[in-house]
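Data block below; observations after.
Protein chains: 2
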Amino acid sequence: MTNNYELYKVFYWAAKTGSLSQAAKALYLTQPSVSHAIKQLEDRLGLTLFYRTSKGVALTQEGAVLYSYIEQSQILITLAEEKMTALKNLDSGELRIGGSDSLFKHYLLPYLEQFHERYPGVKLHLNHGTTPEIITFLKEGRIDLGVIRMPIVDAQLQVRESFQLQDCFVAGSRYGELKGKVLSLAELLQYPIILFSRNSRARMGITELFQSYGHSIKPEIEVGSVDLLTEFAKRGLGISYVTRQFVSKELEEGSLFEIQLDVTLPPAHVGILTMKNMPLSTAARGFMELIR
Amino acid sequence: MTNNYELYKVFYWAAKTGSLSQAAKALYLTQPSVSHAIKQLEDRLGLTLFYRTSKGVALTQEGAVLYSYIEQSQILITLAEEKMTALKNLDSGELRIGGSDSLFKHYLLPYLEQFHERYPGVKLHLNHGTTPEIITFLKEGRIDLGVIRMPIVDAQLQVRESFQLQDCFVAGSRYGELKGKVLSLAELLQYPIILFSRNSRARMGITELFQSYGHSIKPEIEVGSVDLLTEFAKRGLGISYVTRQFVSKELEEGSLFEIQLDVTLPPAHVGILTMKNMPLSTAARGFMELIR
DNA sequence: AGGAGATATAAATCTCATCTATGACCAATA
DNA sequence: TATTGGTCATAGATGAGATTTATATCTCCT
Numbered sequence: 158m159t160n161n162y163e164l165y166k167v168f169y170w171a172a173k174t175g176s177l178s179q180a181a182k183a184l185y186l187t188q189p190s191v192s193h194a195i196k197q198l199e200d201r202l203g204l205t206l207f208y209r210t211s212k213g214v215a216l217t218q219e220g221a222v223l224y225s226y227i228e229q230s231q232i233l234i235t236l237a238e239e240k241m242t243a244l245k246n247l248d249s250g251e252l253r254i255g256g257s258d259s260l261f262k263h264y265l266l267p268y269l270e271q272f273h274e275r276y277p278g279v280k281l282h283l284n285h286g287t288t289p290e291i292i293t294f295l296k297e298g299r300i301d302l303g304v305i306r307m308p309i310v311d312a313q314l315q316v317r318e319s320f321q322l323q324d325c326f327v328a329g330s331r332y333g334e335l336k337g338k339v340l341s342l343a344e345l346l347q348y349p350i351i352l353f354s355r356n357s358r359a360r361m362g363i364t365e366l367f368q369s370y371g372h373s374i375k376p377e378i379e380v381g382s383v384d385l386l387t388e389f390a391k392r393g394l395g396i397s398y399v400t401r402q403f404v405s406k407e408l409e410e411g412s413l414f415e416i417q418l419d420v421t422l423p424p425a426h427v428g429i430l431t432m433k434n435m436p437l438s439t440a441a442r443g444f445m446e447l448i449r
Numbered sequence: 158m159t160n161n162y163e164l165y166k167v168f169y170w171a172a173k174t175g176s177l178s179q180a181a182k183a184l185y186l187t188q189p190s191v192s193h194a195i196k197q198l199e200d201r202l203g204l205t206l207f208y209r210t211s212k213g214v215a216l217t218q219e220g221a222v223l224y225s226y227i228e229q230s231q232i233l234i235t236l237a238e239e240k241m242t243a244l245k246n247l248d249s250g251e252l253r254i255g256g257s258d259s260l261f262k263h264y265l266l267p268y269l270e271q272f273h274e275r276y277p278g279v280k281l282h283l284n285h286g287t288t289p290e291i292i293t294f295l296k297e298g299r300i301d302l303g304v305i306r307m308p309i310v311d312a313q314l315q316v317r318e319s320f321q322l323q324d325c326f327v328a329g330s331r332y333g334e335l336k337g338k339v340l341s342l343a344e345l346l347q348y349p350i351i352l353f354s355r356n357s358r359a360r361m362g363i364t365e366l367f368q369s370y371g372h373s374i375k376p377e378i379e380v381g382s383v384d385l386l387t388e389f390a391k392r393g394l395g396i397s398y399v400t401r402q403f404v405s406k407e408l409e410e411g412s413l414f415e416i417q418l419d420v421t422l423p424p425a426h427v428g429i430l431t432m433k434n435m436p437l438s439t440a441a442r443g444f445m446e447l448i449r
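Sequence order for the protein chains is A and B.
Following the working numbering, the residues of the first sequence are numbered contiguously, the last one being 449.
Following the working numbering, the residues of the second sequence are numbered contiguously, the last one being 449.
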């Protein structure tokens, strides 16, 4: 059955308008073309589909049966095309991003707001998780892009470096005497240290750094969120290792201050992860462009 | 939007099989052809529909949305094609016949039985009515064919003469003395006559016939069905004017006998009516062939 | 390293959908 | 009754584009 589905479109319009000429107009064809197409369909099906009269065409019984099916089919295709246009124009669709809590809150939020304002039809799905989880989500196709702390080495992933983050140690008024001083790592370790929980990338980074200088950093307190790091430091429970940009408000208002060190803490980068060799959804592409 | 719906068929199979090569096989095309078609569809929609991998293709988010619509659409087309095949083969469909009660019962019944046995999937619709009603039904497209008593003159109708009917006068044992005799019309009119009701064709025919011989026939009793004509004659209420073929059983068993006349009653014909210049449904064509 | 599978690309081919031109038919006018 | 304006059908010419063949590229698996 090498049926050309194009014929059904012609049939649909002929039946709908009750006129081959009108169908031709609707399809931007000529009347003989439509006439020929209908004849072809009739030949292939082995049935007469229309009565031809001097003022148009009318469906036969059998044509009417066919129409009841084809009409639905055509409506679905029309809906599909509308949906596709909507997806293309970002009037519809969804954007699924994976990232850590803190990155969402402190880094992505303004972009997400901006994106949502510009494309209110696109649904946002934010998936929180650790870096390995994010990568798994990405590989399983459950998110369109991941936002994580660099570096990442994975052959399947496309990485785009974005924003630069600077980590630092901060304290509250309880340790006010340290303001303005420059501490060595050994001196710093005299004070109670508050770090993010063990499995985070920032934690791993700072642990390695201290080791490379011959020190071992053991936190007094371990917490599970950036907010708690900030809160604990403010209340004088210790010195927190945080990302400077994530506490800029506290630094400005003076509820926290940065501890100067005699070594330079290496900057970290935020990386935007996508699957290599896989096309981005239109929504994801739109978002990538926005944060460029 | 000069969208070739054929592309959706290709898309459907590519998505369904998850492989352009397999889709090509299913569609009796080559792989490059399918590859090209998909690319074209993607270009027209402005969206990427598939991820290409080394072991086939997989739908993108947007492709999956499209598929949800197209799948339904294609299924409907498949169903439509199956239905059309069934209609063509008379595994399905309906046959709508209009006719008089007596013609159905005495003339059409065996054909209808035969037709139903041969094409059990075709539904039969029998519409009873007078000749003018039948013609109206036909012109309104409510029946496929009409079975009526000839003659009919109507430019819009196609008439096919069929069976020949012979009308005659019959009586029961009450008038046994007439058996074997040959009566003139005048003699016949001495007896009470039972005729079919005024609007029937048979009634009009016999009235005209008597008039052409200078007589006027006025029935003692008028009835509305052939069955009553028979019953009344049997019970001796008068002499009924009936179609010989419709009372063959009674003539055989002797409960009625035919009255011989000195004039010949003209035979009537059964005509099969269809609309001129309008294609017959497959079912109707099948039936016409059967009763040839 | 090589083979077997997948898809992509390029250029040549040829089908067949479409067009123009015309005919035939019908209905409603003048 | 002839005319006009609408319908669909038919025939032949044409050209766009679908399809094919041949080849490249890539990935996975042995």
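For every residue, glycine included, the Cβ atom is placed at its ideal position computed from N, Cα and C.
Note that the structure is a prediction, hence the values are computed from the model and not measured.
Worksheet item: CB-CB under 8 Å to Ile351 (chain B), same chain, minus the five flanking residues each way: which ones, in chain order?
Response: In the second sequence, the residue the question calls residue 351 (chain B) occupies position 194. Pro376, Glu377, Ile378, Glu379, Val380, Leu386, Phe389, Ala390, Leu394, Gly395, Ile396, Ser397, Tyr398, listed in sequence order.
Item to complete: Answer yes or no: do Ile254 (chain B) and Leu430 (chain B) have a C-beta to C-beta separation smaller than 8 Å?
Response: Along the second sequence, one-based indexing puts residue 254 (chain B) at 97. Along the second sequence, one-based indexing puts residue 430 (chain B) at 273. In this structure, Leu430 (chain B) does not lie closer than 8 Å to Ile254 (chain B) by Cβ.
Worksheet item: Can you name the start and end residues of the beta strand (DSSP E) that Met307 (chain B) belongs to?
Response: Here residue 307 (chain B) refers to the residue found at position 150 of the second sequence. That residue, Met307 (chain B), is in no beta strand (DSSP E); it is neither H nor E in DSSP.
Worksheet entry | is_contact[Tyr370 (chain B), chain A] using C-beta, thresh 8 Å | Looking up residue 370 (chain B) in the second sequence gives position 213. Closer than 8 Å: no.
Practice prompt. Look at the alpha carbon of Val304 (chain B) and the alpha carbon of Ala425 (chain B), and state the distance between them as a whole number of angstroms.
Written response: To locate residue 304 (chain B), count along the second sequence from 1; it is residue 147. To locate residue 425 (chain B), count along the second sequence from 1; it is residue 268. Looking at the two C-alpha atoms, the distance is approximately 13 Å.
Practice prompt. Say yes only if the C-beta of Phe367 (chain B) is nearer than 7 Å to one or more non-hydrogen atoms of the ligand FAD, and no if none qualify.
Written response: The ligand content of the structure shown is nil, which means the ligand FAD is not present either.
Worksheet item: Between which two residues does the alpha helix (DSSP H) containing Val427 (chain B) stretch?
Response: Within the second sequence, numbered from 1, the residue matching residue 427 (chain B) stands at position 270. No alpha helix (DSSP H) holds Val427 (chain B); the beta strand (DSSP E) holding it covers 425–432.
Fill in: CB contact flag (Leu346 (chain A), His372 (chain A), <8 Å)
Counting from one through the first sequence, the residue named residue 346 (chain A) turns up at place 189. Counting from one through the first sequence, the residue named residue 372 (chain A) turns up at place 215. Yes. Within cutoff.
Worksheet entry | Option in B:Glu199, B:Gln229, B:Lys173, B:Leu266 with minimal Cα separation from Thr242 (chain A) | Along the first sequence, read from residue 1 onward, the residue named residue 242 (chain A) stands at position 85. Closest by alpha carbon: B:Glu199.
Discussion item. Residues of the stretch 208–239 of chain B in Cβ contact with chain A at a cutoff of 7 Å, in chain order, please.
Written reply: Tyr208, Thr217, Gln218, Glu219, Val222, Leu223, Tyr226, Ile227, Gln229, Ser230, Leu233, Ile234, Leu236, Ala237, Glu238
Discussion item. Can you look up Val420 (chain A) in the DSSP assignment and give me helix, strand or coil?
Written reply: Working through the first sequence from its first residue, we reach residue 420 (chain A) at position 263. It is coil, neither helix nor strand.
Worksheet entry | Residue of B:Gly213, B:Ser330, B:Thr205 minimising C-alpha distance to Ser178 (chain B) | Reading the second sequence from its first residue, position 21 is the one you call residue 178 (chain B). Closest option to Ser178 (chain B), Cα to Cα, is B:Gly213.
Practice prompt. Please list the partners that Leu395 (chain B) has in chain A, where partner means a Cβ-to-Cβ separation under 7 Å.
Written response: Taking the second sequence and counting its residues from 1, one reaches residue 395 (chain B) at position 238. Sequence check: residue 395 (chain B) is Gly here, not Leu. None at all; the shortest Cβ gap to chain A is about 45 Å.
Worksheet item: Are the stretch 217–237 of chain A and the stretch 181–191 of chain A in contact at 8 Å, needing three or more beta carbon pairs?
Response: no
Item to complete: Please check if any C-beta of chain A sits within less than 8 Å of the C-beta of Ser438 (chain B).
Response: Locating residue 438 (chain B) in the second sequence gives position 281, counting from the first residue. Interface residue, yes.
Discussion item. Assuming Leu408 (chain A) is part of the alpha helix (DSSP H), what are its boundary residues?
Written reply: For this step, residue 408 (chain A) is matched to residue 251 along the first sequence. Run containing Leu408 (chain A): 405–410, per the alpha helix (DSSP H) assignment.
Worksheet item: Asp248 (chain A) by DSSP, collapsed to three states: which one?
Response: For the purposes of this step, residue 248 (chain A) is identified with residue 91 of the first sequence, where counting begins at 1. In the structure shown, Asp248 (chain A) sits in coil (DSSP, three-state: anything other than H, G, I, E or B).
Worksheet item: Which of the three DSSP states, helix, strand or coil, is assigned to Arg253 (chain A)?
Response: Counting from 1 along the first sequence, the entry for residue 253 (chain A) is found at position 96. Looking at Arg253 (chain A) - three-state DSSP - the assignment turns out to be strand.
Item to complete: Alpha carbon to alpha carbon, how far is Val279 (chain A) from Ala237 (chain A)? Give it in angstroms, no decimals.
Response: Mapped onto the first sequence, residue 237 (chain A) falls at position 80. Mapped onto the first sequence, residue 279 (chain A) falls at position 122. Answer to the nearest angstrom: the Cα atoms are 17 Å apart.
Practice prompt. Report back the beta-carbon spacing between Tyr264 (chain A) and Val427 (chain A) to the nearest angstrom; my notes put them in contact at under 8 Å.
Written response: As a first step, residue 264 (chain A) is located in the first sequence; it is residue number 107 there, counting from the start. As a first step, residue 427 (chain A) is located in the first sequence; it is residue number 270 there, counting from the start. Right, their Cβ atoms sit about 6 Å apart.
Worksheet entry | Beta carbon of Tyr162 (chain B) nearer than 8 Å to that of Glu274 (chain A) | For the purposes of this step, residue 162 (chain B) is taken as the residue at position 5 of the second sequence. For the purposes of this step, residue 274 (chain A) is taken as the residue at position 117 of the first sequence. Contact flag unset, no.
Practice prompt. Taking only beta-carbon positions, decide if Asn161 (chain B) is within less than 8 Å of chain A.
Written response: Locating residue 161 (chain B) in the second sequence gives position 4, counting from the first residue. Yes, Asn161 (chain B) lies at the interface with chain A (some Cβ there is under 8 Å from its Cβ).
Worksheet entry | Same chain only: Cβ atoms within 7 Å of Ile374 (chain A), ignoring 5 sequence neighbours per side | Taking the first sequence and counting its residues from 1, the one referred to as residue 374 (chain A) is at position 217. The residues are Leu346, Ile350, Ile363, Thr364, Phe367.
Discussion item. For a contact defined as C-beta to C-beta under 8 Å, what are the partners of Leu302 (chain A) on chain B?
Written reply: What you label residue 302 (chain A) is simply residue 145 of the first sequence in a count that begins at 1. Here the premise fails: no neighbours, minimum Cβ distance about 12 Å.
Discussion item. Is there a Cβ of chain A sitting closer than 8 Å to that of Gly203 (chain B), yes or no?
Written reply: For the purposes of this step, residue 203 (chain B) is taken as residue 46 along the second sequence, with counting starting at 1. With 8 Å as the cut-off, Gly203 (chain B) counts as an interface residue toward chain A.
Worksheet entry | C-alpha distance - Arg358 (chain B) paired with Gln323 (chain B), whole-angstrom precision | One-based indexing of the second sequence puts residue 358 (chain B) at position 201. One-based indexing of the second sequence puts residue 323 (chain B) at position 166. Roughly 14 Å between the two C-alpha positions.
Practice prompt. From the DSSP output, in three-state form, read off Val279 (chain A) for me.
Written response: Taking the first residue of the first sequence as position 1, residue 279 (chain A) is located at position 122. Looking at Val279 (chain A) - three-state DSSP - the assignment turns out to be coil, as it is neither helix nor strand.
Worksheet item: Unbroken beta strand (DSSP E) runs of length 3 or more, entirely within the stretch 354–403 of chain A: which are they?
Response: 378–380, 396–400
Worksheet item: How about Gln271 (chain B) and Leu447 (chain B): are their beta carbons less than 8 Å apart?
Response: Counting from one through the second sequence, the residue named residue 271 (chain B) turns up at place 114. Counting from one through the second sequence, the residue named residue 447 (chain B) turns up at place 290. In contact: Gln271 (chain B) and Leu447 (chain B) (Cβ atoms closer than 8 Å).
Worksheet entry | Extent of the continuous alpha helix (DSSP H) run through Arg209 (chain B) | For the purposes of this step, residue 209 (chain B) is identified with residue 52 of the second sequence, where counting begins at 1. First-last for Arg209 (chain B): 207–210, but that is the beta strand (DSSP E), not the alpha helix (DSSP H).
Discussion item. Measuring alpha carbon to alpha carbon, tell me which residue in B:Leu233, B:Lys433, B:Phe414 is nearest Lys338 (chain B).
Written reply: Sequence index remark: in the second sequence, residue 338 (chain B) carries index 181 (1-based). Checked all of B:Leu233, B:Lys433, B:Phe414; the closest Cα to Lys338 (chain B) is B:Phe414.
Worksheet item: Taking the alpha-carbon positions, what's the Ser369 (chain A) to Arg360 (chain A) distance?
Response: Position 212 of the first sequence, counting from 1, holds the residue named residue 369 (chain A). Position 203 of the first sequence, counting from 1, holds the residue named residue 360 (chain A). If you take the alpha carbons of Ser369 (chain A) and Arg360 (chain A), they lie about 14 Å apart.
Item to complete: Would you decide whether Lys166 (chain B) is buried or exposed? Buried here means 16 or more other CB atoms lie within 10 Å of its CB.
Response: In the second sequence, the residue the question calls residue 166 (chain B) occupies position 9. That one is buried.
Discussion item. Is it buried or exposed, Gln218 (chain B), if we count other Cβ atoms within 10 angstroms and call 16 or more buried?
Written reply: Here residue 218 (chain B) corresponds to residue number 61 of the second sequence, with the count starting at 1. Result: buried.
Fill in: Environment of Pro436 (chain B) [buried if 16+ CB atoms lie within 10 Å]
To locate residue 436 (chain B), count along the second sequence from 1; it is residue 279. Classification for Pro436 (chain B): buried.
Worksheet item: With C-beta atoms as the reference, is Met307 (chain B) less than 8 Å away from Glu290 (chain B)?
Response: On the second sequence, position 150 is the one that residue 307 (chain B) refers to. On the second sequence, position 133 is the one that residue 290 (chain B) refers to. Cβ distance not < 8 Å, so Met307 (chain B) and Glu290 (chain B) don't count as in contact.
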